[in-house]
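Per my numbering, residue 61 is the first one in the sequence shown, and the count goes up by one each step. So the structure is just underneath, and the comments pick up after that.
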Amino acid sequence: MLMVRIQSQRGMATLIALIMVGMLALLGIAALSTSDDEVMVAGNQLHETQAFYAAESGLDVAAASIQHQYEESGGKPPETMPEGEEAINGCTVEYTTTPDGAAKAEVLSTGTLSGLHALVQSYTLQSTGASDDNSSQVALQQQFKAALVPIFQFAVFYDQDLEIAPGPEMNLLGRVHSNADLYIQAGNRLRMDSYTTAAGHVYHGRKGPGSVDAGDVLVKNGAGDYVSMKEGSGWLDAHDSHWYDSSIARWNGRLQDASHGQKPIELPLEGTDDPHSIIEPAGGSNTNSYEHKASLKFINNQAFQLDNGGNWVDVTADMTAKGIITYSADKFYDGREAKNVDVTDLDMDKLYDEGYAPRNGIIYFSDDIAGSSEYPALRLKNGSELGDELTIASANPVYTVGNYNSTNKKPASIMTDALTFLSSAWDDAKGALAKSNRVANATTVNCSYLTGNKTTTSTVYSGGFENLPRFLETWTGKVMTWRGSAVCLWPAEQATGNWGGTYYDPPTRSWWYDMDLDDPANLPPGTPMAQVFQRLGWQQTHAIIDAQKFQEE
């Protein structure tokens, strides 16, 4: 009996052992199967990732090609749409580009340019990346926009370092941008109410010589509140290691520089990267010159009008006889340049009264410098009321006398090597006397301007934005009222005298961006356009994974 029980228990143990072996075998098979599945999944993910990045590179190639063609052609749309097929990292990528109809006017909706009016040409970029064994395929799509933005929608725009260091209180209404560094400080208080951006870096203080003023600098944040740059006993700027995070938190993206990804905003030019070419004579190859755009021009003391047949007619004798233009050598002394000015006076009242208004609203002026002792310039007189919208482009310095465009304001601009505002009290005979003999009257100028300045060095200050338009009189206690857009795209090439206080005293500045410019209908004729590129609307349209390929391997 006992023997039977023992044999029975031994049989049971054998059965249990067999069951355990079977279970372990099943677990092993399951583990192997799971391992195979994980390997397959990992392979799927690897191949899909490779296909994805290949497709993304196709979008990059197409976008770069479009942008390059715009830049090389001076802003013209590409004639050939980018498309092609390339082998990249074990994958094949195919990409195409399709224009989304004709260019159209839009209000930009993203980034620091949000709210600006632009002429936008949109393209749809499509790219498909496939692994070489065709196991994975990913298709991506993105919208690419090439936008032409009227440059006079900025309150202040500099292509070089922008320095703002007003002594008296200043309020800057409108967008401020520099394609290089931005240096800001204030003797009293400076308030900036809109997007303030730099493609370089933002610094508090001076670029060149001189003390750093302690006046407050405030920038309006996303909630509409002015927030100071002060931080403890110092200032929050690009010198700080926490600049990126702290600036975003403080101003909500309304004060940005290269640290935030801010890029230059540039004019589309053909054959050069020098924006000064737009005011230089056309010559034989300067396709950027505004001489090509004008319908009335003054070249080397001769006047030409474009007739209905597109021919230039010499009207010098008639315009001179009617007193519209008057040329005088050594007419007056410019204390900043320390030179006598060989001036062509243009009487704006007579220009319109005698029927010589430019048909398209654009006048061009150029007087070649024959010798180092000569300093030719254009001076605008009796311009308080313009007969129509007007743009004047001049290769030489421009002076205005008295109020300009102050009555029944029209869209107007002046583009010049250097711009000087003279009051109605200006007397040519007193130009070389001490500044106390040249006492200005209150003056109003309504026009956008595009001009040059003197570059700051280690020993010389440019004068900053507050002195971008030049003065030659004692303005103490007198108000200089200006409305428009201020643009500086180059160092002055002819008016190269240093800024200083020996020849003038500054006015009380009532300077504001002209909000009428927010409406494209109010922009001056031939307003220069800046080119910007945006990549928007990225999406993955489909991804195909062929698991069978892995099961077969």
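Glycine included, C-beta positions come from ideal geometry on N, C-alpha and C. Model, not experiment: these values are computed from the prediction.
Query - Rounded Cβ spacing between Leu-296 and Arg-310 (contact assumed at less than 8 Å) - result: Locating residue 296 in the sequence shown gives position 236, where the first residue counts as 1. Locating residue 310 in the sequence shown gives position 250, where the first residue counts as 1. The Cβ separation is near 7 Å, so the contact holds.
Requested in this report: Would you tell me roughly how many angstroms separate the C-alpha atoms of Trp-598 and Pro-588, rounded to the nearest one?
Outcome: Residue 598 sits at position 538 when you count from the first residue of the sequence shown. Residue 588 sits at position 528 when you count from the first residue of the sequence shown. Cα to Cα, the separation comes out at about 31 Å.
Query - Beta-carbon proximity list for Pro-436, same chain, < 6 Å, skipping 5 on both sides - result: Counting from one through the sequence shown, the residue named residue 436 turns up at place 376. Excluding residues within five positions, the ones whose Cβ falls inside 6 Å are Asp-402, Asp-427 and Asn-456.
Query raised in the report: Which residue from Pro-228, Leu-222, Trp-559 and Ser-254 puts its Cα closest to that of Ala-240?
Result: Within the sequence shown, numbered from 1, the residue matching residue 240 stands at position 180. Cα-wise, what sits closest to Ala-240 is Leu-222.
Query - Presumed contact (8 Å Cβ cut-off) between Asp-192 and Thr-152, rounded CB distance - result: One-based indexing of the sequence shown puts residue 192 at position 132. One-based indexing of the sequence shown puts residue 152 at position 92. Indeed, because the Cβ distance is near 7 Å, the residues count as touching under 8 Å.
**Report entry** Whole-angstrom distance between Asp-574 and Ser-319, CA atom to CA atom
**Finding:** Taking the first residue of the sequence shown as position 1, residue 319 is located at position 259. Taking the first residue of the sequence shown as position 1, residue 574 is located at position 514. The alpha-carbon atoms of Ser-319 and Asp-574 are separated by roughly 30 Å.
Query - Range of the contiguous beta strand (DSSP E) that encloses Ser-187 - result: As a first step, residue 187 is located in the sequence shown; it is residue number 127 there, counting from the start. Counting along the chain, the beta strand (DSSP E) containing Ser-187 begins and ends at 177 to 191.
**Report entry** Given Thr-504 as reference, the closest of Gly-144, Thr-515, Asn-468 and Arg-498 once Cα atoms are compared
**Finding:** If you number the sequence shown from 1, residue 504 lands on position 444. Cα-wise, what sits closest to Thr-504 is Asn-468.
Query raised in the report: Starting from Lys-391 and walking both ways along the alpha helix (DSSP H), at which residues does that stretch end?
Result: For the purposes of this step, residue 391 is taken as the residue at position 331 of the sequence shown. First-last for Lys-391: 385 to 394, but that is the beta strand (DSSP E), not the alpha helix (DSSP H).
Report task. Confirm, please, whether the CB-CB distance from Glu-154 to Glu-166 is below 8 Å. Result -> Within the sequence shown, the letter at position 106 stands for residue 166. Within the sequence shown, the letter at position 94 stands for residue 154. No. Outside cutoff.
**Report entry** 8 Å Cβ cutoff met for Arg-498 and Thr-534
**Finding:** For the purposes of this step, residue 498 is taken as the residue at position 438 of the sequence shown. For the purposes of this step, residue 534 is taken as the residue at position 474 of the sequence shown. Yes, the pair counts as a contact, with Cβ atoms nearer than the cut-off.
**Report entry** Sub-8 Å separation of Lys-353 and Phe-364 beta-carbons
**Finding:** Taking the first residue of the sequence shown as 1, we reach residue 353 at position 293. Taking the first residue of the sequence shown as 1, we reach residue 364 at position 304. No, Cβ-Cβ distance for Lys-353 and Phe-364 is not below 8 Å.
**Report entry** Rounded Cβ spacing between Ala-494 and Lys-538 (contact assumed at less than 8 Å)
**Finding:** Taking the sequence shown and counting its residues from 1, the one referred to as residue 494 is at position 434. Taking the sequence shown and counting its residues from 1, the one referred to as residue 538 is at position 478. Actually they do not touch by this definition, with Cβ atoms about 17 Å apart.
Requested in this report: Please look up how many angstroms separate the CB atoms of Ser-444 and Ser-466, rounded, as I've assumed it's under 8 Å.
Outcome: Start at 1 with the first residue of the sequence shown, and residue 444 comes out as number 384. Start at 1 with the first residue of the sequence shown, and residue 466 comes out as number 406. Contact flag correct, Cβ pair sits at about 5 Å.
Query raised in the report: Taking only runs of the alpha helix (DSSP H) that begin and end inside the stretch 124 to 178, which ones reach a length of at least 4 residues, in chain order?
Result: none
Query - Status (buried if at least 16 other CB within 10 Å, exposed otherwise) for Gln-105 - result: The sequence position of residue 105 within the sequence shown is 45, counting from 1. Looking at its Cβ environment, which holds fewer than 16 other Cβ atoms inside 10 Å, Gln-105 is exposed.
Query raised in the report: Which whole-angstrom value is the C-beta distance of Tyr-509 and Val-461, which I expect to be below 8 Å?
Result: Here the question's residue 509 lines up with position 449 in the sequence shown. Here the question's residue 461 lines up with position 401 in the sequence shown. Rounded, the Cβ-Cβ distance is 15 Å, inconsistent with contact.
**Report entry** Per DSSP, the bridge partner or partners of Tyr-509
**Finding:** Your numbering for residue 509 matches position 449 in the sequence shown. Its beta-bridge partners are Ile-474 and Ala-546.
Query - Cβ pair Gly-395, Gly-512 closer than 8 Å - result: What you label residue 395 is simply residue 335 of the sequence shown in a count that begins at 1. What you label residue 512 is simply residue 452 of the sequence shown in a count that begins at 1. Their beta carbons are not under 8 Å apart, which means Gly-395 does not touch Gly-512 by this criterion.
Requested in this report: List the whole-angstrom C-beta distance separating Phe-593 from Phe-531, where the pair is believed to meet the contact cut-off of C-beta under 8 Å.
Outcome: The residue given as residue 593 occupies position 533 in the sequence shown. The residue given as residue 531 occupies position 471 in the sequence shown. About 39 Å; that fails the 8 Å criterion.
Query raised in the report: Who are the near neighbours of Ala-122 in its chain, counting only those whose CB is closer than 6 Å to its CB and skipping five residues on each side?
Result: Against the sequence shown, residue 122 aligns to sequence position 62. Closer than 6 Å at the Cβ level, and outside the excluded window around Ala-122, lie Pro-142, Tyr-155, Thr-157 and Leu-185.
Query raised in the report: Thinking C-beta only, is Gln-197 closer than 8 Å to Ile-604?
Result: Taking the sequence shown and counting its residues from 1, the one referred to as residue 604 is at position 544. Taking the sequence shown and counting its residues from 1, the one referred to as residue 197 is at position 137. In contact: Ile-604 and Gln-197 (Cβ atoms closer than 8 Å).
Query - Inter-residue Cα distance where the pair is Lys-205 and Gln-181 - result: Along the sequence shown, read from residue 1 onward, the residue named residue 205 stands at position 145. Along the sequence shown, read from residue 1 onward, the residue named residue 181 stands at position 121. Cα-Cα distance, rounded: 6 Å.
Query - Closest Cα partner of Pro-226 within the set Leu-232, Gly-234 and Ala-246 - result: Position 166 of the sequence shown holds residue 226. Out of Leu-232, Gly-234 and Ala-246, Ala-246 has the C-alpha closest to the C-alpha of Pro-226.
Query raised in the report: Which residues mark the beginning and the end of the beta strand (DSSP E) in which Thr-515 is found?
Result: Taking the first residue of the sequence shown as position 1, residue 515 is located at position 455. Premise fails: Thr-515 is in no beta strand (DSSP E) and is neither H nor E.
**Report entry** Within 8 Å, strictly: CB atoms of Ala-147 and Ala-199
**Finding:** Within the sequence shown, residue 147 is the residue found at index 87, counting from 1. Within the sequence shown, residue 199 is the residue found at index 139, counting from 1. Going by C-beta atoms, Ala-147 is not nearer than 8 Å to Ala-199.
**Report entry** Identity of the residues DSSP links to Pro-436 by a beta bridge
**Finding:** On the sequence shown, position 376 is the one that residue 436 refers to. For Pro-436, which the question treats as bridged, DSSP gives the partners Asp-402.
Query - Selected residue, minimal CA-CA separation from Val-209, among Leu-327, Pro-228 and Lys-323 - result: As a first step, residue 209 is located in the sequence shown; it is residue number 149 there, counting from the start. Of Leu-327, Pro-228 and Lys-323, the residue nearest in Cα terms is Leu-327.
Query raised in the report: Can you give the beta carbon distance from Pro-584 to Ser-473, rounded, assuming they're within the 8 Å contact cut?
Result: Residue 584 sits at position 524 when you count from the first residue of the sequence shown. Residue 473 sits at position 413 when you count from the first residue of the sequence shown. Their Cβ separation, rounded to whole angstroms, is 4 Å, which keeps Pro-584 and Ser-473 in contact under 8 Å.
Query - Of the listed residues Val-272, Tyr-286 and Ile-308, nearest to Gly-294 (C-alpha basis) - result: The residue given as residue 294 occupies position 234 in the sequence shown. Measuring from the Cα of Gly-294, the nearest candidate turns out to be Val-272.
Query - Local conformation of Leu-532 per DSSP, three classes - result: Counting from 1 along the sequence shown, the entry for residue 532 is found at position 472. Correct three-state label for Leu-532: coil.
Query raised in the report: Which residues bound the beta strand (DSSP E) around Asp-276?
Result: Against the sequence shown, residue 276 aligns to sequence position 216. Run containing Asp-276: 276 to 280, per the beta strand (DSSP E) assignment.
Query - Cβ pair Tyr-412, Tyr-350 closer than 8 Å - result: One-based indexing of the sequence shown puts residue 412 at position 352. One-based indexing of the sequence shown puts residue 350 at position 290. Result no, Cβ atoms of Tyr-412 and Tyr-350 do not sit closer than 8 Å.
Query raised in the report: If you draw a straight line from the alpha carbon of Asp-556 to that of Thr-109, how long is it in whole angstroms?
Result: Your numbering for residue 556 matches position 496 in the sequence shown. Your numbering for residue 109 matches position 49 in the sequence shown. Note on identity: in this sequence residue 556 is Thr, with Asp being the wrong assignment. Approximately 58 Å between the Cα atoms of the pair.
Query raised in the report: Is the beta carbon of Ala-215 less than 8 Å from the beta carbon of Val-236?
Result: As a working note, residue 215 is residue 155 in the sequence shown. As a working note, residue 236 is residue 176 in the sequence shown. For Ala-215 and Val-236, yes; Cβs fall inside 8 Å.
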